[in-house]
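Since the structure comes first, as structure tokens, the remarks are kept for the end.
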Amino acid sequence: MKSIIRLIWFDLKQELHPPVWIVMEWVVFAVQLGIYGALMSRLVTQMDDYLQFYAIGYVIMITFDIGSHTGRQFVEHAHEGRLPYLLSLPIPRWKLYLSVALQGGFELALLLIVPLFVTLSIIGNLTALSVTSAVATLFWLGFGVSGLMLALSFIAFRSADVYTAIVTALSTLIIRFSTVFYPLMFLPSSYANVAIFSPLTYGSDLVRLLLGFDPSVLVDPRIAVAVLTALAVGTLGLGSFLLRG
Amino acid sequence: MVAIETKGLTKLYGKTKALKGLDFTLNEGEIMVLLGPNGSGKTTLLLILATVLKPTSGTANVMGFDVVKHPTQVRQILGIAFQEARGFWRHKPMEILRFHATVCGVPKSKREALMEQILKDLELWDARGKLFMHLSGGQAKRLEVAKLLVQRPRLAIFDEPSSQVDLRGKRIIWDHIRKLRDDGSTVLVATNEVREAEYLADRITILDQGQNVVCQTVQRLKDSIAGGDIVELEVEAPKDNNIIEELSKIEGTYRVVASNENQLRAYVSMAEAWVPKMTNLCYQKNTRVLSVRVTEPSLDDVFLHFTGRVLGATTN
Chain A
1 MKSIIRLIWF DLKQELHPPV WIVMEWVVFA VQLGIYGALM SRLVTQMDDY
51 LQFYAIGYVI MITFDIGSHT GRQFVEHAHE GRLPYLLSLP IPRWKLYLSV
101 ALQGGFELAL LLIVPLFVTL SIIGNLTALS VTSAVATLFW LGFGVSGLML
151 ALSFIAFRSA DVYTAIVTAL STLIIRFSTV FYPLMFLPSS YANVAIFSPL
201 TYGSDLVRLL LGFDPSVLVD PRIAVAVLTA LAVGTLGLGS FLLRG
Chain B
1 MVAIETKGLT KLYGKTKALK GLDFTLNEGE IMVLLGPNGS GKTTLLLILA
51 TVLKPTSGTA NVMGFDVVKH PTQVRQILGI AFQEARGFWR HKPMEILRFH
101 ATVCGVPKSK REALMEQILK DLELWDARGK LFMHLSGGQA KRLEVAKLLV
151 QRPRLAIFDE PSSQVDLRGK RIIWDHIRKL RDDGSTVLVA TNEVREAEYL
201 ADRITILDQG QNVVCQTVQR LKDSIAGGDI VELEVEAPKD NNIIEELSKI
251 EGTYRVVASN ENQLRAYVSM AEAWVPKMTN LCYQKNTRVL SVRVTEPSLD
301 DVFLHFTGRV LGATTN
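As you go down the protein sequences, you meet chains A and B in turn. Counting from 1, one number per residue, gives the positions in the first sequence under our numbering. Counting from 1, one number per residue, gives the positions in the second sequence under our numbering.
Next comes the structure, spelled out in structure tokens:
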């Protein structure tokens with residue numbers, strides 16, 4: 001365990017000296033929520049609490065971005081020569097892989113702490129259990145996205161261009177065709193048919209359910225738990241397998 | 001004891017064969033230099049031994065551990081200084097070195113003193129607080145080498161350890177590598193620099209196009225070139241007109257030519273054995289030898305002899 005913490009901290013401490021990019025993400029969140037979110041909530045009349053819906057959606061998007069960032073960072077490390085060095089250290093491969101995923105988790109925690117606090121404050125009237133389970137869902141989703149991007153990152157060892165094209169296309173599809181910013185029931189059927197394949201649909205709806213949103217506009221939570229679990233376990237397992245090879 | 005043994009080691013990158021059934025052995029406690037041009041497979045071999053790459057076929061054992069079946073045990077035994085010192089752009093040399101030493105299990109009680117000593121020896125002490133991205137190429141390379149000098153692994157692998165380093169720095173690095181061997185480590189060095197190979201090697205393996213061409217001590221490699229040693233003789237005007245013919249009969253003589261009336265040039269194998277026989281013969285023939293100058297073949301000559309190509313050429 002010590003070696004995993006050491007690996008994570010070695011990189012993470014650099015990102016905190018000074019933590020400019022984290023603070024900037026918080027500022028962007030505040031601006032996005034205060035201006036865009038507030039205006040949109042006036043325009044969306046079919047929902048009473050669109051600002052809350054939007055705030056959670058934005059938190060989910062940050063979670064996705066950090067997961068993607070973890071995968072991209074892995075590719076950059078490979079191209080910069082850092083990966084061969086790490087692979088030559090006396091650390092089992094699975095620990096190395098876990099440390100990459102966990103580092104993504106810690107970065108996620110740092111980035112989310114303020115946006116999540118603000119979002120929960122807007123929603124209000126929450127129990128400790130609902131907040132804890134919502135946070136756990138976010139991390140589970142974050143692991144899943146990290147795993148997906150890490151598994152995809154192995155494409156980059158053959159072609160960085162193909163990797164960039166795939167990740168860009170996938171990110172666009174996963175975010176836009178999902179329930180991150182709009183409920184499934186309001187989507188046109190052609191959109192909805194695609195959105196049910198996006199992991200963000202299940203992540204965002206499960207978090208909303210745990211934070212007390214109306215279940216009738218959300219996807220089935222049992223399916224959401226199953227999809228997120230399959231994503232995290234499947235993609236992290238696949239990435240770990242590819243790294244061993 | 002054998003430190004490294006590879007049998008039929010092959011590595012393919014797509015259709016390109018980087019290693020072609022390489023058989024290679026390194027004994028414990030020696031410095032083995034892998035000498036070969038760019039593209040000869042040196043770095044690929046080192047990366048397979050360090051478990052960074054997997055071989056396509058064949059086997060490689062490090063201190064008895066198979067690199068594919070027991071990679072973690074292998075990595076606990078060896079350390080590698082890479083050809084390109086890259087990676088931690090926003091870290092400082094002291095932090096990088098401390099991280100490496102800690103992960104590689106250097107005891108805390110020795111760590112700081114050892115790091116200070118090595119950084120001072122490699123003239124990096126003043127740069128210890130700079131960001132890695134602000135180091136010069138030579139400083140970054142010395143830092144890469146410093147990692148292994150602090151780690152002191154049982155098997156130390158250096159990939160072109162003194163490239164980009166100035167002459168003074170090269171000598172410092174080479175002396176440290178030799179000291180590492182003297183302190184009990186086994187050392188494998190890959191280089192295409194003849195001077196580096198000559199200074200460091202207990203034995204040299206010449207790699208060419210992914211194959212082991214020859215493996216010997218430096219002296220034996222040089223001696224293995226028929227007529228590779230050149231002995232220049234200055235003699236008093238020979239009383240025996242057949243002296244050239246007589247000298248040509250000495251065992252190991254390739255040919256003898258007269259540069260002028262008093263000067264002869266003999267192309268021989270193993271000059272150290274040939275010269276005493278020559279002096280005996282001249283004494284018997286009453287021919288006084290005024291001076292003897294022996295020139296050995298260089299490793300460039302050795303490489304040319306075994307591969308038919310010059311060392312600076314790139315393998316395609």
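Glycine included, C-beta positions come from ideal geometry on N, C-alpha and C.
Give the single residue among the options whose Cα lies nearest to the Cα of residue i.
| i | options | result |
| --- | --- | --- |
| M270 (chain B) | B:V292, B:A226, B:E246 and B:L233 | B:A226 |
| S278 (chain B) | B:I243, B:G308 and B:L180 | It should be noted that the sequence gives Met, not Ser, for residue 278 (chain B). Per the Cα distances, B:I243. |
| L119 (chain B) | B:T72, B:I173, B:I77 and B:H70 | B:I173 |
| E15 (chain A) | A:A169, A:F106 and A:L126 | A:F106 |
| M61 (chain A) | A:P183, A:S171, A:G212 and A:L211 | A:S171 |
| E193 (chain B) | B:D159, B:R181 and B:I177 | B:D159 |
| T102 (chain B) | A:I223, A:F10 and A:L231 | A:F10 |
| L321 (chain B) | B:E144, B:L131, B:R168 and B:D183 | Missing from the structure shown is residue 321 (chain B); chain B here goes from 1 to 316 and no further. |
| T137 (chain A) | A:V75, A:F154, A:L112 and A:I122 | A:L112 |
| L46 (chain B) | B:A81, B:G29, B:L12 and B:G228 | B:A81 |
| I31 (chain B) | B:V213, B:A197, B:E272 and B:T6 | B:A197 |
| E116 (chain B) | B:V150, B:T16, B:I250 and B:A201 | B:V150 |
| K92 (chain B) | B:C104, B:L53, B:F132 and B:G79 | B:F132 |
| K11 (chain B) | B:L22, B:M1 and B:V2 | B:L22 |
| V23 (chain A) | A:V100, A:L110 and A:V44 | A:L110 |
| A85 (chain B) | B:A201, B:L143, B:I157 and B:P107 | B:L143 |
| V302 (chain B) | B:L221, B:Y267 and B:V268 | B:L221 |
| T56 (chain B) | B:K69, B:K17, B:Q73 and B:Q83 | B:K17 |
| P115 (chain A) | A:A151, A:T63 and A:P215 | A:T63 |
So residue i and residue j are supposed to be a Cβ contact under 8 angstroms. How far apart are they, rounded?
| i | j | result |
| --- | --- | --- |
| N262 (chain B) | E296 (chain B) | Not really, about 24 angstroms apart at Cβ, beyond 8 angstroms. |
| R203 (chain B) | Q216 (chain B) | 6 angstroms |
| E28 (chain B) | T186 (chain B) | 5 angstroms |
| I174 (chain A) | S198 (chain A) | 5 angstroms |
| L51 (chain A) | A30 (chain A) | So it is not a contact: roughly 13 angstroms between Cβ atoms. |
| G34 (chain A) | I123 (chain A) | Contact flag wrong, Cβ pair sits at about 16 angstroms. |
| L122 (chain B) | V145 (chain B) | 7 angstroms |
So with Cβ pairs under 9 angstroms, would you call residue i a contact of chain A?
| i | result |
| --- | --- |
| H70 (chain B) | no |
| G87 (chain B) | yes |
| V189 (chain B) | no |
| V52 (chain B) | yes |
| T102 (chain B) | yes |
| E160 (chain B) | no |
Within its chain, find whatever has a CB closer than 6 angstroms to the CB of residue i; leave out the 5 residues flanking it on each side and keep chain order.
| i | result |
| --- | --- |
| Q164 (chain B) | G137, G138 and K141 |
| I4 (chain B) | L26 and V62 |
| E236 (chain B) | R288 |
| R265 (chain B) | E232, V257 and S259 |
| H100 (chain B) | K147 |
| P183 (chain A) | V217 |
| P153 (chain B) | L78 and G79 |
| L83 (chain A) | H77 |
| K170 (chain B) | S162 |
| K42 (chain B) | L34, G36, A190 and L207 |
Are any of the Cβ atoms in chain B nearer than 9 angstroms to that of residue i?
| i | result |
| --- | --- |
| Q14 (chain A) | yes |
| F10 (chain A) | yes |
| P183 (chain A) | no |
| L7 (chain A) | yes |
| E80 (chain A) | yes |
| Y191 (chain A) | no |
| Y85 (chain A) | yes |
| R72 (chain A) | no |
| S153 (chain A) | no |
| P18 (chain A) | no |
| H69 (chain A) | no |
| P90 (chain A) | yes |
| R222 (chain A) | no |
| S3 (chain A) | yes |
Which residues in the same chain have their Cβ closer than 7 angstroms to the Cβ of residue i, if we skip the five residues on either side of it in sequence?
| i | result |
| --- | --- |
| L98 (chain A) | I4 |
| L317 (chain B) | The first residue shown for chain B is 1 and the last is 316, placing residue 317 (chain B) beyond what the model contains. |
| Q32 (chain A) | Y58 |
Is residue i near the ligand ATP, going by C-beta to nearest heavy atom under 8 angstroms?
| i | result |
| --- | --- |
| G142 (chain A) | The ligand ATP is not part of this structure, which contains no ligands at all. |
Using C-beta distances below 8 angstroms, list every residue in its chain close to residue i, excluding the 5 sequence neighbours before and after it, in chain order.
| i | result |
| --- | --- |
| T307 (chain B) | I206, D208 and V213 |
| L228 (chain A) | T137, W140, L141, G144, P199, Y202, G203 and L206 |
| Y191 (chain A) | F177 |
| D229 (chain B) | K222, D223, Y267, V268, S269, M270, A271, W274, V294, T295, E296 and P297 |
Which runs of the beta strand (DSSP E) fall wholly inside the stretch 261–316 of chain B and span at least 3 residues, in chain order?
Listed in chain order, they are 263–268 and 289–295.
Alpha helix (DSSP H) runs contained entirely in the stretch 96–178 of chain A, provided each spans 4 or more residues
Listed in chain order, the alpha helix (DSSP H) runs fully inside the stretch 96–178 of chain A are 128–156 and 160–176, counting runs of at least 4 residues.
Fully enclosed by the stretch 103–139 of chain B, which alpha helix (DSSP H) runs are 4 residues long or longer?
Fully enclosed alpha helix (DSSP H) runs of 4 or longer: 108–121.
Along the chain, which unbroken stretches of the beta strand (DSSP E) at least 3 residues long are found entirely within the stretch 1–55 of chain B?
With a minimum length of 3 residues, the continuous beta strand (DSSP E) runs that stay inside the stretch 1–55 of chain B are 2–13, 16–27 and 31–35.
What residue ranges within the stretch 48–96 of chain B form continuous beta strand (DSSP E) runs of no fewer than 3 residues, ordered along the chain?
The stretch 48–96 of chain B contains these whole beta strand (DSSP E) runs: 57–62 and 78–81.
At which residue ranges does the stretch 177–232 of chain B contain complete beta strand (DSSP E) runs of 3 or more residues, listed in the order of the chain?
Segments of the beta strand (DSSP E) lying fully in the stretch 177–232 of chain B: 186–191, 203–208 and 211–216.
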